[in-house]
Every structure is written in structure tokens, then in C-alpha cells.
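Those protein sequence lines, which keep their order, are chains A and B. Note that UniProt numbering gives residue 403 to position 403 of the first sequence, counting from 1, and the numbers run on in steps of one. Note that UniProt numbering gives residue 273 to position 273 of the second sequence, counting from 1, and the numbers run on in steps of one.
There are 2 protein chains.
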Amino acid sequence: MILKTSSSLIETLRDRRQRLANLIDFPAILWSGTTSPRNFPANVFPFRANSHFLYFTGLPLRNAAIRLSAGKLELFMDDPQPDSALWHGEMPDREEIAQIIGADVAKPMAELELWTEEAATIAVQDAATWTQQSQLLNRWVLPLKSPQDIDLELAKAIISLRLIHDDGALAELRKAAAVTVEAHKAGMAATTHAQIEAQVRAAMEQVIIANNMTTSYNSIVTVHGEVLHNEQYHHSLQPGDLILADVGAETETGWAGDVTRTWPVGGKFSSTQRDIYDIVLAAHDACIAKVSPGVEYQDLHLLACTVIAEGLVNLGILQGNPQDLVEINAHALFFPHGIGHLLGLDVHDMEDLGDLAGYEEGRTRSNHFGLSYLRLNRPLRPGMLVTIEPGFYQVPAILNHANVRSQYQDVVNWEHLSQFADVRGIRIEDDVLVTQESRDVLTAALPTQASQIEDLVCR
Amino acid sequence: MILKTSSSLIETLRDRRQRLANLIDFPAILWSGTTSPRNFPANVFPFRANSHFLYFTGLPLRNAAIRLSAGKLELFMDDPQPDSALWHGEMPDREEIAQIIGADVAKPMAELELWTEEAATIAVQDAATWTQQSQLLNRWVLPLKSPQDIDLELAKAIISLRLIHDDGALAELRKAAAVTVEAHKAGMAATTHAQIEAQVRAAMEQVIIANNMTTSYNSIVTVHGEVLHNEQYHHSLQPGDLILADVGAETETGWAGDVTRTWPVGGKFSSTQRDIYDIVLAAHDACIAKVSPGVEYQDLHLLACTVIAEGLVNLGILQGNPQDLVEINAHALFFPHGIGHLLGLDVHDMEDLGDLAGYEEGRTRSNHFGLSYLRLNRPLRPGMLVTIEPGFYQVPAILNHANVRSQYQDVVNWEHLSQFADVRGIRIEDDVLVTQESRDVLTAALPTQASQIEDLVCR
């Protein structure tokens, strides 16, 4: 973290505060959080500041809080302990930090208790901090509890701000996207020399670490792409395998990238792999081409379902009319998740607030299999950043399920499907910004065409 | 994690249980812990199982507990949810896990409450788990609270086991050491092409990730070696700088490596850097040469202090008799930490129990500056693994302190010291096993001589 005063950061933060002040007439206190212990208290996980706090301070401060009231910013944090310089180096003191973020006032943490009246907050994830929040505000502030009353009002106000990315946010999101793209290229280039998944992952994360960033979520780098959140990396790579890599970089101030590509270990897709890849890519391209203000995100999801169903009919894997197949959820046998989600300071942006951010007010999750995993259901607006990530998976737990087999007996050509056994999982994911006129794919520098992917692997 | 039944794992675990049963006559329940949330509940830090649990199960299971009683092993965990196969893949069920670890009985988690009577435990770090521990045992089990009564007895019994590494442990520790050595070599080789610290760190962690391991603590890779726990990586590398890298690998089942080397960015130590480096190396070598059963670890610390004081007198930085200088803590101006610590499943092994493991019964920490940071004060015994890590640092917070300046006015040749301004921090650390006769340096494959280090950087 290079700490220096920049007028653009100060202006960005002032503007965010002012817009918040236009929406709520009570003070808000946001905590940064503290480190979480790993195997013993002094051995902690890398610190990640709370995203709402980051949005209004731009700095990953530890053990700090801010009070936002009528556009004013008050910083509460303690100066470093005398001992701390030995272990952690000379750290900027409270006054210096206050200057960098443009705070109006800076006070020690102990004074925060004098300023809690009528204040709303949002729960931080670590127990030490939410305990402190609960004590100071004299009510339970729990990360798994839905916000109520003024906390709910605050959450809705912050959501309305964070949904629409300002220039300060976009500058960071573009940095995250650029490093994410480089990481994927490095992963592709490392594949032909790799023996196990972990070596491909290492080549990708090296790029992220070298750029002084972190991963925005635990990387998925696997030959078992059918496991959606696979976190195993020990499998050996076989020439006929596909690697599915879902890896994203996060900037020092917390802004996330999130990209998936799928490539052949041997550098060349088999004809069956290529057939399915092109269907997923067609869904990806069709959805992205439709991204523009006013479009319902759920309609993009349904479009992807239809394109995938159509493709599978053309390949002879599904039988029937694509629209009808989507009606009876046949596409979800192979595409059982949503088309994507919001992206910002969190990789599923603001998911700490449950579906409050993802779902337009008055809408709730469907219990329809397939739609139930859709994390975003809002009309698109300029400044929103979403992922578009269709996929095709052969999940044994789904396809071998007796009920599924009988329900879809006549819809799936099971015998023909067995010829596509070398396709366990394919996903193609990009980060797409809704603009005034249409869209801007932040991760467009990473090719998607099968032949381009092959070139990157063989380079 | 490759899960397969191995008779050697089963035997190792049985032996550990039997030795525990020889020490305590009440049951013990150990929890594995659960994931800690990062910025929202579904985005978690990489899971790290509790070390005491790992010692008796050998597997990083999530949300599991074991009950150890009279040499018997009972496993409590739930089978994966039906949904889980979609997101996390087909996981081995409770019965399969029980077979792999040689459990006598396997039961769902809900049955654990029937088996808590008179049982001792050790607090796990994550709040969700210590809350569960406290509820089930009907007493506060907190990671920051010293264990009492049977919990204390259990802690002491486990310490006596974990202090002396068995063959199963050593096999893992040697793996961690080997990968740690390779990571350091990669860091050295990457330096001449690197512009910032993060790029050197990336080269090192790539090796660890590629071996499907994790770092055993947050890496220190810095040109500001004088900051003991520096976790910043953004500084640019200048030709005259030294890089201090304190980086260790941890195996899949939790066993740690911990190594530090210091090398010149430009590939060649300056004469002042070389002078100080050789003093630190002399202290390192002298301590390691003394490691053998019966030796007091604190005496190794004092030996390092004396060798460093001697060296600094010879260089003209300190003035006086080395023994006298150590008496008045003059060495601690430049070497303000302890000579090392226990190493095992934790990088500071069993530090979750405070000083119970590090300090022989009846001994407590000194409040002497210098000795107060000594984490280990026991006579060495065969099977103990310790780090030896002397250093030299110019910490502005110490050396510019007015009291220090006046107290040590005649002891330090401040003017002469200023010629060594290009030495901000040097540390050399290896992992040393106490054997029956003497010692075995697990990380000996990584050179320590200045000229060898230069060769590795310039290779």
C-alpha cells in the first residue's frame, strides 16, 4: 500500500459521502474489521478490510471506524503502539491517514462510543469486530442477520451507490481486469509444461502476486470443471483433458476481477470439446451483445439457456424445441447455475447483504431449479458491472440421478451424450460494464475464440 | 488432498492416541474448525484445520470433531449435503474418512452432545467453532483464554507428544523444508529481473503453490528487513539493496517450513553488507553447531548475542568486552528478537497455548529487553525441531530513540555505524532437528555462505 495524498481520491470519497448524505438523514458508522486468526492468534489470514468501509475510505486500514454524517467524514483509529514500529515498521499516524482520505476529524477509537447515538451500521465479517459493533450500538449486529430499521435503510442507500460504479471505482476495476487477463494468459502458456493442476494455478497466481494484488476468491483451476467450486489442485493433467480456470485479481484497495476460461491441456480441443465450447461461447457472446441499459439481467440468463438448449439440440444431445426445453428446465441439466452476478469491491458484490443488492426491491429468488442460483435480478443501468458466465457441465450427481434420468428420458439422447464424455466442464466468463449506450467488456483483451485459446496454450 | 487409505498413517495415528492415553485418564474432544469468512460469508479464507486435530487425524477435515478416549478414536462429522456434489464435487462420506484415519466409530455431528461428559478440549481459533465448543461443554472455551483444569492437563499432554516429532511428522516436515528451499532458490534467481518486492515474492510463492502447498505464514519479502514482520511488497528494488525473505511452505496436512535468507539485489554484497552478513552467519553457525540433546535453548540465544556483540566489536561498531555488552543488552540494539522457536504443525508450534509449549514448566518470560521476545526456553531433546534465526537490524525506532542514544552513547560508535547504512536488516534462518547424537538441519540444502548466495542470485 503506497500511502500518499491524492486529490482525486479525496474528491472521489467526498462525492460518495455527499451522495450518501442525500439518501439518509442519520449518521452511519462503518468498521474496517480486524485480522482473523489462522492456526494461532499471531498467525493471521491476510487482512481484508470490509468493503463498505473501503468504499468510503479507499484504504485497507485495520481496526478503524468512520462516522459519516451529513457529508462529513470522521475517522476513529488508534495511533500505532510504540512497540509496533519494531515489528510492523513506522506506520502513518491517525492525522496522516485523516489527511490522505480527507477526513474532517480524527479521533482515538475510545471516543467512538460518544458518537453512536442514532447511528446505523453494517455488520463486519470477523467476530471480534461484530462483537464490538454490537456492544457499542447496544443491539445485535451479526453478519448473518438481515439488517433492520436504520441499518436496512443504510444498506439500501449504500447499495444504490455501489451498484453504479464511479470513475474512481472503474479505474481500480480496470486494473483488476488487466491483471486477471494476464494471469489467464500465463496459465495457458504454462499448461503444456505442467503435470498437475497446482502448477497451472501457480503460474496464474504468480502474475497476481507479482502485481502486488491478491486473488479476489479462492482460485478454481481444475480438470474437473464439473465441480463448480472445486478447490482441489492435485489432479494430474492428461492430454485429452480440459482445464477450467476461474481466477480473479483484487487490487490493493479491494476491487475485484473475475474471469473464467477453459482450455485444452494438449493445446487442441477435440471435436466434441470444440462443439460444446462453441455452444457455450455462442451463449456468452449472445448475452454480452444484449447488455445495455434497461435490459433485464434475468432475460440474459434465459437467453443463455435458450442458446445452450438450441446448440444441444443441433448437436443431437437434446431433443425438442429449444424454448420448450428451457420451459421444462432441460438446459439446467447441463447449465445449473446463474448467468452471473454483480462485480465490484466483492466478487459477488455486496453479497454480505444477502439478496438485497442482487434483487430489485420486491423481487425474490425463484425456487425453480436453475433460476434459484441466479444471483442478480435487476434491470441493467449504466455503471453496473456484471459477469457473463455461461457453462456446460456433466455433473454425475445430476445426470446419474434416477429421478432426472426418468424425468428427462425422452428429452436427452443419453447414448449420444456419452460420446461427449471428454467434456466434463466448460465455462467462459467476462466482466461487462453497462455503459450509457451499450457495454464495455473490461476483460476483452483475453480472447474467447477456441482457435485463439489454442494459440495461447501452444505459444 | 488425495484421500487414500495408508497403513502408515493409520499406525502413526494409533501410536499418537496410545501415547496420549498413557498420559490422561479422561476423554478429549478436538474440533477441526470451520472456514472463516473474508468479505462475505460465501467468500472464505482458505480452510486451515486446527493443528491439534490434524495431529490426531492427519486430514484437514472441515466441521468435524474427534473423541479420543483410552486409545480409541471416534469421528463425528456429517455426510456431505446432497447439494454439495454440484458445488464441491463428490466427497468421501463419513465411513470412508473413518476408514482412512482408522477411526473405531463414526457418528453424525449431532451425536457429539451425548459424549461430552468429563471431556477436555482445546479452543479452536474460529468463532463459530469455539462457540460450539463452549455450548457443548457448557463452559467458556476461548482461544485467548488460558486452559484450566482438565483442559490444561490435556494441553500439557498433547504438548509433550507434539514437542517430540515422530517419523510421520518428520516425513511431512522434510517435505515442507524441501519446498521451502526451492522457493528461496527461485526468489534469488528471480531478483535480477524484478522491479519490486512483490515480483520476488511471486517467484517464491509460485513454487509453493505449484507443489500444492500453502505458505505457513504471511511471507516477508522486503528491502526493509529492519521491519521484522513487514507485510508490504510494493517497494522498488535498488541495486544496493538487500532483500530479506522469510518464507515457508506448509504441506497439505499442515506441517510447516520456516526459512529466511538475505541476498543482494544486485547479486553482490557491498563490503559493509558482507561484513555484517558474516557476523550474522557466524552466530547462525555457532548456534547450530551447539544444537544437541540437553543443551538449553536459551543458551543458544545468549551464544548468538555474544557472537554478534563480538563481531560488532571487531567491526568497531560496538566498544567494550562482548560479554559485558551482552550483559547491558547492547547486542539487542541490533538483534532485538529471540534466536528462534519451535516448529511443527504451527510455524510457532503450539503458540495457540501461549507459552505452555515454549517454556519449560516453572519458567516464565523474562522482562529483559531482548530476552522478552524469546519464544522457547527449554532444554533440547531428540525429536524437537527448532529454528535458528539470528539477525542484525537497524531499526530507526530503536536507534534514534533519545533514551537509547544516551544510554548507549559510549558503547556504540555512532559515527562508524553510519558507514553501514546500506544494511537495514539481515536474518539467516534454518530449521534444525535435534537428533540422538546432535542435529540434522532439514533446510541444509539451501546455502548460507555469502558467495554461494551471490552465485544463486546471479545464476
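Ideal placement from N, C-alpha and C gives every residue a C-beta, glycine not left out.
Contact with chain B by residue i, beta-carbon distance below 8 Å
i, result
"Ala157 of chain A", "no"
"Ser8 of chain A", "no"
"Val404 of chain A", "no"
"Glu182 of chain A", "no"
"Glu205 of chain A", "yes"
"Asp246 of chain A", "no"
"Tyr217 of chain A", "yes"
"Ser36 of chain A", "yes"
"Ala198 of chain A", "yes"
"Pro143 of chain A", "yes"
"Phe45 of chain A", "yes"
"Asn230 of chain A", "yes"
"Ser438 of chain A", "no"
Residue i versus residue j: straight-line alpha-carbon distance, rounded
i, j, result
"Ala65 of chain B", "Ile122 of chain B", "12 Å"
"Asn400 of chain B", "Ala169 of chain B", "45 Å"
"Pro60 of chain B", "Thr251 of chain B", "11 Å"
"Leu446 of chain B", "Glu90 of chain A", "32 Å"
"Gly225 of chain A", "Pro82 of chain B", "19 Å"
"Val347 of chain A", "Ala330 of chain A", "29 Å"
"Gln125 of chain B", "Ala42 of chain A", "11 Å"
"Ala286 of chain B", "Arg424 of chain A", "57 Å"
"Leu144 of chain B", "Ala21 of chain B", "26 Å"
"Asp455 of chain B", "Phe47 of chain A", "36 Å"
"Thr12 of chain B", "Leu345 of chain B", "15 Å"
"Pro147 of chain B", "Ser134 of chain B", "13 Å"
"Glu304 of chain B", "Leu442 of chain B", "Inspection of the sequence shows that residue 304 of chain B is occupied by Ala rather than by Glu. Looking at the two C-alpha atoms, the distance is approximately 20 Å."
"Ile24 of chain A", "Leu30 of chain A", "14 Å"
"Leu228 of chain B", "Thr116 of chain B", "43 Å"
Short CB-CB distance (under 8 Å) between residue i and chain A
i, result
"His301 of chain B", "no"
"Gly89 of chain B", "yes"
"Leu86 of chain B", "yes"
"Asp224 of chain B", "Per the sequence shown, residue 224 of chain B should be read as His rather than Asp. It does; some Cβ of chain A falls within 8 Å."
"Val280 of chain B", "no"
"Phe40 of chain B", "yes"
"His234 of chain B", "yes"
DSSP state of residue i mapped onto helix, strand, coil
i, result
"Asn314 of chain B", "helix"
"Asn321 of chain A", "coil"
"Ile428 of chain A", "coil"
"Phe26 of chain A", "coil"
"Asn400 of chain A", "coil"
"Lys290 of chain B", "helix"
"Lys156 of chain B", "helix"
"Leu73 of chain B", "strand"
"Ile276 of chain B", "helix"
"Tyr373 of chain B", "helix"
"Arg38 of chain B", "strand"
"Glu118 of chain B", "coil"
"residue 462 of chain B", "Here chain B has residues from 1 to 459 only, and residue 462 of chain B is not among them."
"Tyr359 of chain B", "strand"
Boundaries of the beta strand (DSSP E) in which residue i is found, first to last residue
i, result
"Glu96 of chain A", "Careful: Glu96 of chain A lies outside any beta strand (DSSP E), inside the alpha helix (DSSP H) at Arg94 to Ile101."
"residue 468 of chain B", "Outside the displayed range of chain B (1 to 459) lies residue 468 of chain B, so it cannot be described from this structure."
"Leu9 of chain A", "Where Leu9 of chain A is concerned, there is no enclosing beta strand (DSSP E), although the alpha helix (DSSP H) it sits in stretches over Ser7 to Ala21."
"residue 461 of chain A", "This structure does not reach residue 461 of chain A, given that chain A is present from 1 up to 459, and the question cannot be answered."
"Asp440 of chain B", "Arg439 to Val441"
Residue interval of the alpha helix (DSSP H) (run including residue i)
i, result
"Ala183 of chain B", "Asp167 to Thr191"
"Thr129 of chain A", "Ala127 to Leu137"
"Leu417 of chain A", "Trp414 to Leu417"
Same chain, Cβ closer than 6 Å to residue i, five either side skipped, listed in chain order
i, result
"Leu376 of chain B", "Tyr297, His341, Leu342 and Gly358"
"Ile150 of chain B", "Phe26 and Ala120"
Neighbourhood of residue i by C-beta distance below 7 Å, restricted to the same chain and skipping five residues each side
i, result
"Gly383 of chain A", "Ile164, His165 and Val434"
"Gly267 of chain A", "Thr192, Glu454, Val457 and Cys458"
"Arg14 of chain A", "Gly102"
"Arg363 of chain A", "Asn377"
Cβ neighbours of residue i in the same chain (closer than 8 Å, five flanking residues each side left out)
i, result
"Val411 of chain A", "Leu318, Gln319, Gly320, Leu325, Ile328 and Ala330"
"Glu360 of chain A", "Asn377, Arg378 and Pro379"
"Ser8 of chain A", "Gly168"
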